[in-house]
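Novice:
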Amino acid sequence: MGMTAFMVGRNVFPDRRWPARRPPLNHAACEGQSPAETESGPAHVLSVYAGGLTVIGETGHLTGMCKQRREGPVAVEVEGLAGDQIADPRFHGGPDKAVHLYPVEHYAQLRAVFPAPDEPFGSGAFGENLSLAGLLDGQVCIGDVFSVGSVVLQLTQPRSPCWKLNARFGVRELSRHIQDARMTGWYARVLQPGEVAEGDVLRLTERKPGACSVAAFWDRVLAREPDIGLLEALACSEGLARDWQKRLMQRVQWLRSRA
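Every position in the sequence shown, counted from 1, becomes a number in our numbering once 273 is added.
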């Protein structure tokens, strides 16, 4: 399988974005059957972000992470939000990763673990398009369909945190911690273009039986002793991004060839 194979004895893709360490977590397939209710009401859009490209520190690398907050309704098309730009289309953007959503609650946890980053952790810091309140990674599932504003979104995959987060915030272990703690956020494709604005409520309109939560997705993919059946079921999840379908089926085939 060449470079698409998992490394023997480590069960990880040979990809620098993937950490080797894995905690023994075991999330339910989907811990919540509907968006969470908080003291401020149902799950909703706290802020909307879009923007151009900037250079990270002294690395010279471009990033689309440093987005600007947008007030008022923002148009959302199949490729993403109006005015949004992608630095590296190999890992970001495209119809399957058109919109990045991230729970604002995660930032408080990160501030407790990393109290002195180069830049503050807060809404919009990780380059999300929609900063959410009241909805976490264990409460949303692959294939979930949500309406928000006049837009309809389908959850396609978790975000894979990369080294640019470490570089921007000056925290060497940041991306690893985010993945280990299952605080990655997720991407969505646009089923119905429209507009979205701050304060819009997210309404779950469809969930497939037995769907896998974003948190449980990482439990299955990063397991030290992966369950081939669970990985194959995950690869066949309706709504899963095509790139992940391919990667997971390649892994299933590789594991079976060595069973």
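No residue lacks a Cβ here, since even glycine has one placed at the ideal position from N, Cα and C.
Hey, which unbroken runs of the alpha helix (DSSP H) at 4 residues or more fall wholly within the stretch 447-517?
Specialist: As far as the stretch 447-517 is concerned, its whole alpha helix (DSSP H) runs of at least 4 residues are 447-453, 487-494 and 501-508.
Novice: Quick check: the Cα distance between residue 524 and residue 392, rounded to an integer number of angstroms?
Specialist: If you take the alpha carbons of residue 524 and residue 392, they lie about 37 Å apart.
Novice: Could you give the DSSP three-state label for residue 377: helix, strand or coil?
Specialist: Coil at residue 377, not helix or strand.
Novice: Closest to residue 345 by CA distance: which of 478, 337, 427 and 354 is it?
Specialist: Considering only alpha carbons, the answer is 354.
Novice: If you draw a straight line from the alpha carbon of residue 382 to that of residue 434, how long is it in whole angstroms?
Specialist: Going from the Cα of residue 382 to the Cα of residue 434 covers about 16 Å.
Novice: Tell me which residue opens and which closes the beta strand (DSSP E) that residue 319 is part of.
Specialist: Unbroken beta strand (DSSP E) run through residue 319: 317-323.
Novice: Go ahead and pull the three-state DSSP assignment for residue 404.
Specialist: Strand, per DSSP.
Novice: If you count every other CB in all the chains shown that lies within 10 Å of the CB of residue 306, and 16 or more means buried, which is it?
Specialist: Because the pLDDT of residue 306 is 49, which lies under 50, any placement of that residue in the model is unreliable, and the number read from its coordinates should be weighed accordingly. Answer is exposed; the Cβ neighbour count stays below 16.
Novice: Just how far apart, CA to CA, sit residue 532 and residue 519?
Specialist: Cα to Cα, the separation comes out at about 20 Å.
Novice: Please name the residue in 378, 480 and 427 whose C-alpha comes closest to that of residue 396.
Specialist: Ranking the options by Cα distance to residue 396, first place goes to 378.
Novice: Use the C-beta contact count for residue 497: other C-beta atoms within 10 angstroms, 16 or more gives buried, fewer gives exposed.
Specialist: Exposed is the call here.
Novice: Less than 8 Å between the C-beta atoms of residue 324 and residue 358, yes or no?
Specialist: A contact, by the Cβ cut-off of 8 Å.
Novice: Mark residue 326 as exposed unless 16 or more other C-beta atoms lie within 10 angstroms of its C-beta, in which case mark it buried.
Specialist: Answer is exposed; the Cβ neighbour count stays below 16.
Novice: Taking all protein chains shown into account, do 16 or more other C-beta atoms lie within 10 angstroms of the C-beta of residue 478, making it buried, or fewer, making it exposed?
Specialist: The residue in question, residue 478, is exposed, as its Cβ has fewer than 16 Cβ neighbours within 10 Å.
Novice: From which residue to which residue does the beta strand (DSSP E) around residue 428 run?
Specialist: Element bounds for residue 428: 424-431.
Novice: Assign residue 386 to one of two classes, buried (16 or more other C-beta atoms within 10 Å of its C-beta) or exposed (fewer than that).
Specialist: Its Cβ having fewer than 16 others within 10 Å, residue 386 is exposed.
Novice: List the DSSP bridge partners of residue 342.
Specialist: Beta-bridge pairing links residue 342 to 322.
Novice: State the CB to CB distance for the pair residue 464 and residue 418, rounded to an integer number of angstroms; the pair is presumed to be in contact (CB under 8 Å).
Specialist: Rounded, the Cβ-Cβ distance is 7 Å, consistent with contact.
Novice: Work out the CA separation of residue 501 and residue 527 for me, nearest whole Å.
Specialist: Looking at the two C-alpha atoms, the distance is approximately 10 Å.
Novice: Look at the alpha carbon of residue 398 and the alpha carbon of residue 339, and state the distance between them as a whole number of angstroms.
Specialist: Roughly 7 Å between the two C-alpha positions.
Novice: What residue range is occupied by the uninterrupted alpha helix (DSSP H) comprising residue 348?
Specialist: Not the alpha helix (DSSP H): residue 348 falls in the beta strand (DSSP E), residues 347-350.
Novice: Closest to residue 374 by CA distance: which of 404, 363 and 347 is it?
Specialist: It is 404.
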